[in-house]
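Report on the following structure.
Protein chains: 2
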Amino acid sequence: MAEHLFLRACRREPTERVPVWFMRQAGRYLPEYRAVRAGATFWQMCRTPELACQVTLQPIDRFGFDAAILFSDILVVLPPMGLEVEFPEGGPRLAAPVASAADVERLAVPDPADELPFVMEAVRQIRRGLADRAPLIGFAGAPFTLACYAVEGGGSKNWEKTKRMMFGDPAAFRALLDRLARTVALYLEAQVEAGAQAVQLFDSWAGALAPADFREHALAAARQVFDHLRGSATWARGGGVPIIYFVNGVSPYLDDVTTSGADVLGVDWRADLAEVRRRVGGAMAVQGNLDPLALFAPEDRLRQRVADVLAAAGGAPGHVFNLGHGILPATDPASVQIVVDAVRELSSRG
Amino acid sequence: MAEHLFLRACRREPTERVPVWFMRQAGRYLPEYRAVRAGATFWQMCRTPELACQVTLQPIDRFGFDAAILFSDILVVLPPMGLEVEFPEGGPRLAAPVASAADVERLAVPDPADELPFVMEAVRQIRRGLADRAPLIGFAGAPFTLACYAVEGGGSKNWEKTKRMMFGDPAAFRALLDRLARTVALYLEAQVEAGAQAVQLFDSWAGALAPADFREHALAAARQVFDHLRGSATWARGGGVPIIYFVNGVSPYLDDVTTSGADVLGVDWRADLAEVRRRVGGAMAVQGNLDPLALFAPEDRLRQRVADVLAAAGGAPGHVFNLGHGILPATDPASVQIVVDAVRELSSRG
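Residue numbers (our numbering), protein chains in the order written: chain E, 13 to 362; chain X, 13 to 362.
This is the structure:
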């Protein structure tokens, strides 16, 4: 049996059409997700394999996406490191953010296979539930993005505390990134061991950095994760699962990201995909990049936007269609179907 | 007497060193600003020429910046259009945001020379107070950025309402941009008439757009402003004051912005200034782009960052040193002095 379309596209092998999945495809825009969410908190859903499995499969059942992605949150690794997280309305909050070099020294580098068994169990259950209909993507937050939350204590407009540490005490900041990178590397390795068939690292806030800081901090720490993963026996046993590096706001760093060691570059909606392909297409597959807000356009205009993204990417091989950021809760599922259908029709080789 | 350094740099003429000013240089990081602010609301300061003049001159007196910029707010044009604005803690709020094509039709296109006389009086007072020590930059919000506030009713993470109108009812959105562009064009013309020696258009939120949407909406509306201004008798009488277009998050649009009709591209800190110079340097001067958070670094590292920005820009002609975004309130004024001194020392031609 041929390998999955999505996995072949990640490897820049020829495919009969462009595969499609959406970031946050298991989410609040789906009524069946909201039904599950009504009976559990977000954090409970992350920590209960049956619920995580259930919502991961929902968009596969409904739309037939070409890949499933584990339902979880990038912050699940923080509590085992010693940083408790709450999820009140308005976004995650840390009770005791990292404020000094001494705080960094106190952080553990846990083995997530032991500390986050519910994630590994979710991966196993999802693999069974998928029954090979689609491959499963595991994921983690990138070290820089996790550092932003760890230092800031939550979301932020300017990441002022984070950058004050980065600029004011770079040694402490690098030590923080190192602990996060080691934890994340073990975490992704454990997900692959449990059955993840690809992994994506989310660098949601790397786009807040000047290019030199991106190279020194975000990119170097992501590379540390990927180097560990590629050097592991688990990764080799898994046949070398594709590694996706999503950088939100990647445009200023296109000359740098090819050195990350990832197979696929996840691209936000602000980048011109034709330029991305020109500059990194020889080294990486690209994944993206429809503006999630375009799903609020009428059908004809939405289909045109899908066609524009496909045209900019230049078609297969080496393009995975996705949104340029997570789908928004107010999105109409009918618009998702329009995009999935349009990608299939418009990218098929006759 | 030779024309001011800053104005020559804007015109890409040879200069003996790189001029420097900071976005939001008249701001809360200065104790003398906070003293004025203690006796008046932000909005009162914008509407009282004596106070606006006083704080505009403070950073010139203290640091000798090479340009002054009018103290005001980009939202002052909205009330005369029919959109009332409040400034509570946490940022501006509109009582009745624009929600439909009918709301757009109701918006006035006022003549700001009549409706905002306090701004014009501030410009005149500042010119007298400067006594030609430095040129005065007038400014306005770009139509797209003003549309974001007008539709959203305040700041936003995803600009969901704005983009829902942009994607869902593009005709109404273009009509909104048209009214804003006509108002802003008259507003900048009135500032030049009153004595502004350069103007800057702030497109703070244009960086939320995919390149095609940037071209169709943000850039087209900015061009409308610049075309009007260049076609006005006021502009010709003023000798053609330099026009600066600041686009926050400009990296994805570097192939497009040269068609804006501005003389100078204002660049955020995430862009590689060497790349910007390669791609737009033949058509525009560039202004930027130190990360405002770099001012929290120790002196030696801060000086190195200044040197890096100067090196990336390749020196004069055609470079105006600035931050890549507004200075933050928590900044130490001593760090500002370090930057100003470093620019002067490092960019001087021996």
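Virtual Cβ for every residue (Gly too), placed ideally from N, Cα, C.
Less than 6 Å between C-beta atoms, sequence neighbours within five positions excluded: which residues of the same chain meet that for X/A224? none
On the criterion of 16 or more Cβ atoms from any shown chain inside 10 Å, does E/T53 qualify as buried, or is it exposed? exposed
Give the range of the beta strand (DSSP E) segment to which E/Q212 is assigned. Annotation: the continuous beta strand (DSSP E) that includes E/Q212 extends over A210 to D215.
Tell me whether E/Q299 sits in a helix, a strand or coil according to DSSP, three-state version. strand
With C-beta atoms as the reference, is X/V279 less than 9 Å away from X/Q299? yes
Per DSSP, which one or two residues make a beta bridge with E/N334? E/N301
Sort X/A295, X/S244, X/D284 and X/G153 by Cα distance to X/A233 and report the nearest one. X/G153
Rounding to the nearest angstrom, what Cα-Cα distance links E/T195 and X/G273 in this structure? 50 Å
Using beta carbons (cut-off 9 Å, strictly below), is X/A306 in contact with chain E? yes
Beta carbon proximity, X/M6 to chain E, threshold 9 Å: Because chain X spans 13 through 362 in this model, residue 6 of chain X falls outside it and cannot be assessed.
Just the C-alpha distance for E/I255 and E/P100, rounded to the nearest angstrom, thanks. 32 Å
Short Cβ contact (9 Å threshold) for E/I138 with E/C65: Yes, the Cβ-Cβ distance between E/I138 and E/C65 is below 9 Å.
Anything in the stretch 241 to 261 of chain E with a Cβ closer than 8 Å to a Cβ of chain X? List those residues in chain order, please. Going along the stretch 241 to 261 of chain E in chain order, one finds G261 with a Cβ nearer than 8 Å to chain X.
Just to make sure I have the definition right: I need the residues of chain E whose C-beta is within less than 9 Å of the C-beta of X/E172. Which are they? Under the 9 Å cutoff, chain E gives L305, F308, L340 and A342.
Would X/R84 pass as a contact of X/V131 if the rule is Cβ separation under 9 Å? Note that residue 84 of chain X is Ser in the sequence shown here, rather than Arg. Their beta carbons are under 9 Å apart, which means X/S84 touches X/V131 by this criterion.
Check distances from the C-beta atoms of the stretch 318 to 335 of chain X to those of chain E and list, in chain order, the residues that come in under 8 Å. D320
Please report whether the beta-carbon of X/W217 lies at a distance below 9 Å from any beta-carbon of chain E. It does not; no Cβ of chain E falls within 9 Å.
Output yes or no for whether 9 Å exceeds the beta carbon distance between X/R186 and X/H240. Taking 9 Å as the cut-off, the beta carbon of X/R186 is found no closer than this to the beta carbon of X/H240.
Apart from the five residues on each side of it in sequence, which residues of its chain come closer than 8 Å, Cβ to Cβ, to X/P304? Setting aside the 5 residues that flank it on each side, X/P304 is surrounded in the same chain by W281, L335, G336, H337, G338, I339, L340 and T343, each with a C-beta closer than 8 Å to its C-beta; the list follows chain order.
Leaving aside the five residues before and after X/R136 along the sequence, list all residues of the same chain whose C-beta is less than 7 Å from its C-beta, in chain order. A206 and G207
Taking X/D144 as the reference, give the member of X/D73, X/P109, X/L198 and X/Q56 with the closest Cα. X/D73
C-alpha gap between X/E357 and X/P26, whole angstroms: 17 Å
Using DSSP bridges, identify the partner residues of X/Y161. For X/Y161, which the question treats as bridged, DSSP gives no partner whatsoever.
My parser needs the beta strand (DSSP E) runs of 3 or more residues fully inside the stretch 198 to 267 of chain X; what are they? 210 to 215 and 255 to 259
Using a Cβ-Cβ cut-off of 9 Å, state whether E/I350 counts as contacting chain X. no
When DSSP labels each residue in this structure, what does X/F151 get in the three-state scheme? strand
Give, in chain order, every residue of the stretch 281 to 302 of chain E whose Cβ lies closer than 7 Å to some Cβ of chain X. W281, R282, A283 and D284
Cα-Cα separation, E/G180 to X/D275: 36 Å
I'd like to check one pair, E/V237 with E/A197: are the Cβ atoms closer than 9 Å? yes
What are the residues of the stretch 95 to 117 of chain X that lie near chain E, defined by any Cβ-Cβ distance shorter than 9 Å? So the list is empty, because no residue satisfies the distance condition.
Report yes or no: do the stretch 158 to 176 of chain X and the stretch 32 to 45 of chain X share at least 3 C-beta pairs separated by less than 8 Å? no
Reducing DSSP to helix, strand and coil, say where E/A80 ends up. strand
Residue burial classification, E/E164 (beta-carbon count within 10 angstroms, cutoff 16): Here E/E164 is buried. Its C-beta has 16 or more other C-beta atoms within 10 Å.
Compute the Euclidean distance between the alpha carbons of X/Y45 and X/V67, then round it to the nearest angstrom. 6 Å
If you draw a straight line from the C-alpha of X/L17 to the C-alpha of X/G293, how long is it? 18 Å
Suppose the cutoff is 7 Å on Cβ atoms and the five residues either side in sequence are ignored; what does the same chain contact list for X/Q70 look like? A38, L42, E44 and Y45
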